[in-house]
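18 is the number of the first residue of the sequence shown in our numbering; add one for each residue after it.
Heads up, the beta-carbon is just placed ideally off N, CA and C, and yes, glycines get one too.
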Amino acid sequence: MKKAKTIKRCPVCKSTDITFYMGGQFGQYKCKKCGYVGALIIEEEVEE
Ligand SMILES: [Zn+2]
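Spelled out as structure tokens, the structure:
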């Protein structure tokens, strides 16, 4: 079986340096690179 993992990507600057905003309690993410905060995030599946 192939293993796949999902990476999160910022919709603004395309950075993968994404963290949960306020610990994820609002269901939002924050980009550490450009400061984007929002629930909309690009999720990509990559094969390892
Ligand atoms: Zn960003």
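- Ile58 is positioned such that its CB atom lies closer than 7 Å to that of Lys25.
- Tyr53 has its Cβ nearer than 6 Å to a heavy atom of ligand 1.
- Around the beta carbon of Lys47, a 10 Å sphere encloses 16 or more other beta carbons of the protein chains shown; the residue is thus reported as buried.
- If you compare the alpha carbons of Met39, Pro28, Cys51 with that of Glu60, the shortest gap goes to Pro28.
- In the DSSP assignment, Ile58 falls outside any beta strand (DSSP E), carrying neither H nor E.
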